[in-house]
Amino acid sequence: MSISAQFVSLLAMMGTGIIAGAFMDMLGTGIANTGKASIIRRRAIWLETFGWLLAGCFAFAVLFFFRDGAWRMYDPLAQLSGLLLYATVFHRPFRLLGRIIIALLIRPVLLVFQIIFWFIRYVFRVIRALILLLSQPFRFIYHRFFRYHFKKNPK
366 MSISAQFVSL LAMMGTGIIA GAFMDMLGTG IANTGKASII RRRAIWLETF GWLLAGCFAF
426 AVLFFFRDGA WRMYDPLAQL SGLLLYATVF HRPFRLLGRI IIALLIRPVL LVFQIIFWFI
486 RYVFRVIRAL ILLLSQPFRF IYHRFFRYHF KKNPK
């Protein structure tokens with residue numbers, strides 16, 4: 366393997382470290398922002414373990430793409446340096462990018478879902494009100510004449 370190919374694979378492994386750091390930071394932030402009694406927070410250990418497994422699979426996929434899966438001794442060091450590089454340099458820009466994505470993409474989609482949910486709930490409330498209105502005479506008759514017939518007799 367030539368020196369330039371080794372350098373490219375070293376940069377790729379550092380890139381997987383940066384991406385793994387960003388992914389785990391995103392996962393940790395998402396877990397931390399849930400409610401204290403949330404099922405997500407109760408299963409946080411499993412979610413983070415699954416996140417690390419996904420990051421490892423992604424790193425192996427990058428290794429497979431660049432070197433046909435050949436592992437070198439410096440690959441874990443390159444990934445660790447990528448994680449540290451994320452923690453020192455790229456942490457704030459990635460967080461800013463995450464806030465921008467939330468503000469521009471996720472919140473409008475959630476707003477559309479909330480509007481649809483509100484509309485469906487409103488339709489069901491109108492249907493319920495109509496049913497209650499139309500059944501009012503029958504309920505009056507039941508309460509006036511037959512309500513006590515279905516109760517148990519006192520002993």
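Under this note's numbering, think of the first position of the sequence shown as 366, with each following residue one higher. Note that CB positions come from ideal geometry on N, CA and C, so glycine has one too. Given the structure is predicted, the values throughout are model-derived calculations rather than measurements.
Chain-order list of residues whose beta-carbon lies under 6 Å from that of residue i (same chain, five-residue window excluded)
{"i": "residue 449", "result": "none"}
{"i": "residue 440", "result": "378"}
{"i": "residue 447", "result": "379, 382 and 383"}
Residue i, enclosing alpha helix (DSSP H) - first and last residue
{"i": "residue 463", "result": "456–466"}
{"i": "residue 377", "result": "368–397"}
{"i": "residue 425", "result": "409–432"}
{"i": "residue 487", "result": "472–499"}
{"i": "residue 532", "result": "Since the displayed the chain opens at 366 and closes at 520, residue 532 lies outside it and no answer follows."}
Cβ-based neighbour list, residue i, same chain, cut-off 7 Å, excluding 5 preceding and 5 following
{"i": "residue 377", "result": "427 and 431"}
Which listed residue (the options) has its alpha carbon closest to that of residue i
{"i": "residue 460", "options": "369, 367, 389 and 497", "result": "389"}
{"i": "residue 456", "options": "380, 367 and 387", "result": "387"}
{"i": "residue 454", "options": "375, 383 and 368", "result": "383"}
{"i": "residue 424", "options": "442, 393 and 467", "result": "442"}
{"i": "residue 372", "options": "437, 406 and 402", "result": "437"}
Spatial neighbours of residue i in its chain, beta-carbon cut-off 8 Å, leaving aside the 5 residues before and after
{"i": "residue 419", "result": "388"}
{"i": "residue 405", "result": "395, 396, 399 and 412"}
With 16 other Cβ atoms within 10 Å as the buried cut-off, status of residue i
{"i": "residue 369", "result": "exposed"}
{"i": "residue 414", "result": "exposed"}
{"i": "residue 374", "result": "buried"}
{"i": "residue 451", "result": "buried"}
{"i": "residue 479", "result": "exposed"}
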